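Here is the structure we will look at, set down as structure tokens.
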Amino acid sequence: MSTKSSTTTTSSTFSTNANTTPAAPYLLTSQSPLPSLSSPPGVNVRFPSAIGLKSMERAKPVAMSSEIMDFVGRYQTLQGYQAASDQLMKDLLIYAKEIERTIGEENRILKQKLRNAELDLDHATISRREMQQTLSGLESDNNYLKNRNPYVLILIDGDGLLFQETYIKQGIEGGKQAAYALRSAVAEYVGSQSGEVEIIAKVCANMSGLARAMRRDGCLDSESELKEFSLGFTQAKASFDFIDVGHGKERADSKIKEATRWHLRNYNCRQILLGISHDAGYAPFLDEILQDADTRARVSLIEGFATVRELKNTNVHILDPLPSLFRNQKLVDRSGDRSAESTYFKPTTTSPTLAVSSPASATTPSSSSWAGVTKASPPPQITTPLANKNVNIPIRTASQPKPQTPTWNPGERGIDPPIPINQSALENIKKRTGAAKLCNNHYLRGPCAKGDECCFEHKYRPNADEINAIAHLTRLNPCTSGQECDVENCIYGHHCPSVVGNTCTHPFCKFRITDHPPGTKFKNAKIHEN
Numbered sequence: 001m002s003t004k005s006s007t008t009t010t011s012s013t014f015s016t017n018a019n020t021t022p023a024a025p026y027l028l029t030s031q032s033p034l035p036s037l038s039s040p041p042g043v044n045v046r047f048p049s050a051i052g053l054k055s056m057e058r059a060k061p062v063a064m065s066s067e068i069m070d071f072v073g074r075y076q077t078l079q080g081y082q083a084a085s086d087q088l089m090k091d092l093l094i095y096a097k098e099i100e101r102t103i104g105e106e107n108r109i110l111k112q113k114l115r116n117a118e119l120d121l122d123h124a125t126i127s128r129r130e131m132q133q134t135l136s137g138l139e140s141d142n143n144y145l146k147n148r149n150p151y152v153l154i155l156i157d158g159d160g161l162l163f164q165e166t167y168i169k170q171g172i173e174g175g176k177q178a179a180y181a182l183r184s185a186v187a188e189y190v191g192s193q194s195g196e197v198e199i200i201a202k203v204c205a206n207m208s209g210l211a212r213a214m215r216r217d218g219c220l221d222s223e224s225e226l227k228e229f230s231l232g233f234t235q236a237k238a239s240f241d242f243i244d245v246g247h248g249k250e251r252a253d254s255k256i257k258e259a260t261r262w263h264l265r266n267y268n269c270r271q272i273l274l275g276i277s278h279d280a281g282y283a284p285f286l287d288e289i290l291q292d293a294d295t296r297a298r299v300s301l302i303e304g305f306a307t308v309r310e311l312k313n314t315n316v317h318i319l320d321p322l323p324s325l326f327r328n329q330k331l332v333d334r335s336g337d338r339s340a341e342s343t344y345f346k347p348t349t350t351s352p353t354l355a356v357s358s359p360a361s362a363t364t365p366s367s368s369s370w371a372g373v374t375k376a377s378p379p380p381q382i383t384t385p386l387a388n389k390n391v392n393i394p395i396r397t398a399s400q401p402k403p404q405t406p407t408w409n410p411g412e413r414g415i416d417p418p419i420p421i422n423q424s425a426l427e428n429i430k431k432r433t434g435a436a437k438l439c440n441n442h443y444l445r446g447p448c449a450k451g452d453e454c455c456f457e458h459k460y461r462p463n464a465d466e467i468n469a470i471a472h473l474t475r476l477n478p479c480t481s482g483q484e485c486d487v488e489n490c491i492y493g494h495h496c497p498s499v500v501g502n503t504c505t506h507p508f509c510k511f512r513i514t515d516h517p518p519g520t521k522f523k524n525a526k527i528h529e530n
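The numbering of the sequence shown is the UniProt record's numbering, which starts it at 1 and goes up by one.
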């Protein structure tokens with residue numbers, strides 16, 4: 001029986017039963033596809049013939065409809081499984097393809113990264129080797145630089161740590177011997193490395209002040225001996241210097257402190273030996289630099305005088321004294337009645353004498369206006385800062401006993417040279433007020449640094465007497481450095497110029513009491529406030 005006839009018969013059968021049997025949930029029609037059923041293995045499936053179908057229609061119409069519907073349901077279920085299976089396969093293929101694409105992309109990226117890493121590794125290896133070679137070279141250079149030119153620095157405050165007078169009195173030769181002795185002592189302290197280590201010595205002192213002090217002590221016959229000694233010390237070795245720092249408080253101190261700070265930062269400086277045992281003012285400086293063990297191990301004191309307590313409290317290392325090289329006693333003023341070297345010379349109890357200024361004394365600061373008058377012909381003329389005119393002073397006759405000659409030395413700088421005053425010119429200068437006042441700096445020192453911004457007169461042309469008047473009025477103002485001033489042409493006063501006899505005649509004197517001779521009387525009632 002052919003498939004076409006079976007399909008037609010089945011369709012007519014379902015049509016016949018449709019009029020007599022209640023409608024089933026689902027009926028096959030001629031348009032419904034028949035499943036291609038295959039018998040499972042071992043099962044013999046027989047389809048009814050056309051005659052048999054008619055018998056089935058009459059015998060079991062309801063049962064036949066139920067079985068068909070069961071097949072249809074099972075077929076539809078199977079179709080659903082097959083559709084789900086097909087979709088699953090499609091999804092799996094799509095997913096696998098996406099995974100393959102993703103993995104391929106990641107592999108490509110990883111391969112590129114691996115290649116880059118290999119290149120970086122090669123470069124890093126080369127760079128590391130180059131850096132190792134460079135580092136090795138730098139370490140070698142560093143060690144060479146650290147160990148090249150090692151030196152020991154000796155810094156001596158020559159105003160306090162003094163060489164023995166036996167050296168100083170020998171002049172240049174004594175200076176050389178002192179330098180050799182100092183180097184030998186330090187070389188012994190350095191020990192086995194003395195042949196490799198350079199020894200540098202710097203002595204800082206106020207030569208003129210030290211020479212005067214040593215002469216007053218009696219250890220020098222002439223101030224030139226110290227100068228010659230310093231030359232010999234400097235000439236002994238290229239690395240030895242005796243430095244004249246000039247007048248000024250703590251000039252040697254500041255030079256030694258700054259040199260110490262600088263050399264401590266230099267690794268080649270193995271030791272710094274400081275000749276400062278006499279001065280407690282160095283204690284804060286030592287506390288400042290002795291902050292770590294390395295610095296503390298590199299700084300030591302050379303002892304001349306016994307080290308003061310303040311320096312010992314810093315726990316700085318102190319070398320054994322060198323009594324054969326340095327004095328262990330301070331200088332003492334043993335000048336007695338020698339007025340030329342005395343700092344102060346008390347006036348006698350005899351009748352006072354007026355201080356005068358003669359032409360000879362006007363050019364020599366050491367022959368100050370405070371020298372007493374013994375005898376002269378013709379009588380000298382006094383030059384007073386505030387006098388209205390020159391005054392003739394009567395002189396003691398030859399029959400009278402000569403009074404002692406009191407000399408006052410205000411300090412290291414000494415007496416300012418007197419300035420001859422024309423009273424008329426002085427009054428003219430005093431009359432100028434406000435912007436008409438003449439600029440002291442402009443007329444006494446040269447062009448004023450302030451230029452047009454200066455509030456004082458620059459265009460006026462004073463004569464010589466007026467210049468002297470300006471200088472005199474300027475000298476009534478104390479120099480801020482006082483006797484420690486080392487400016488040769490300083491225009492300010494270094495002691496009071498207004499003293500006549502034993503009286504300061506300026507009612508508003510700006511100088512301190514110590515800037516006047518001992519026993520001076522003052523018209524300024526507030527002089528103690530200066």
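Every residue, glycine too, gets a C-beta built ideally from N, C-alpha and C.
Quantities reported herein were computed from a predicted structural model and do not represent experimental measurements.
Is the beta carbon of residue i sitting closer than 9 Å to the one on residue j?
i           : j           : result
residue 238 : residue 223 : no
residue 298 : residue 271 : yes
residue 159 : residue 204 : yes
residue 155 : residue 275 : yes
residue 328 : residue 290 : no
residue 244 : residue 202 : no
residue 472 : residue 419 : yes
residue 178 : residue 164 : yes
residue 470 : residue 440 : yes
residue 326 : residue 162 : yes
For the candidate residues the options, whose alpha-carbon lies nearest to that of residue i?
i           : options            : result
residue 273 : 300, 114, 518, 254 : 300
residue 168 : 207, 291, 187, 522 : 207
residue 217 : 332, 149, 268, 311 : 332
residue 319 : 303, 148, 329      : 303
residue 467 : 495, 421, 432, 436 : 421
residue 474 : 442, 522, 504      : 442
residue 432 : 410, 458, 413      : 458
residue 147 : 185, 266, 294      : 266
residue 269 : 505, 149, 111      : 149
residue 324 : 77, 429, 166       : 166
residue 189 : 106, 173, 79, 153  : 153
residue 174 : 234, 128, 213, 142 : 234
Could you tell me the alpha carbon to alpha carbon distance between residue i and residue j, rounded to whole angstroms?
i           : j           : result
residue 183 : residue 199 : 7 Å
residue 132 : residue 123 : 14 Å
residue 125 : residue 89  : 52 Å
residue 197 : residue 140 : 20 Å
residue 137 : residue 151 : 25 Å
residue 85  : residue 115 : 44 Å
residue 500 : residue 215 : 31 Å
residue 330 : residue 305 : 7 Å
residue 176 : residue 232 : 5 Å
residue 250 : residue 135 : 46 Å
residue 438 : residue 417 : 22 Å
residue 277 : residue 307 : 4 Å
residue 486 : residue 180 : 33 Å
residue 322 : residue 497 : 47 Å
residue 560 : residue 104 : Examination of residue 560 is not possible in this model, given that the chain is present from 1 through 530 alone.
residue 296 : residue 117 : 52 Å
residue 120 : residue 145 : 36 Å
residue 263 : residue 481 : 30 Å
residue 334 : residue 209 : 16 Å
For residue i, which residues in the same chain have their Cβ closer than 7 Å to its Cβ, ignoring the five residues on either side in sequence?
i           : result
residue 530 : 510, 511, 512
residue 490 : 479
residue 285 : 257
residue 287 : 314
residue 436 : 457
Considering only residues of the same chain and omitting the five flanking positions on each side of residue i, which have a CB-CB separation below 8 Å?
i           : result
residue 525 : none
residue 221 : 169, 215
residue 95  : none
residue 252 : 157, 158, 159, 204, 205, 206, 245
residue 477 : 492, 493, 510
residue 508 : 524
Considering only residues of the same chain and omitting the five flanking positions on each side of residue i, which have a CB-CB separation below 6 Å?
i           : result
residue 522 : 504
residue 311 : 283
residue 317 : 300
residue 411 : 483
Q) Does the pairing of the stretch 425-439 with the stretch 463-481 give three or more beta-carbon distances under 8 Å? A) yes
Q) Does the stretch 436-447 come close enough to the stretch 514-529 that 3 or more CB-CB pairs lie under 8 Å? A) no
Q: Count the CB pairs spanning the stretch 485-502 and the stretch 451-461 that are closer than 8 Å, and state whether there are at least three.
A: no
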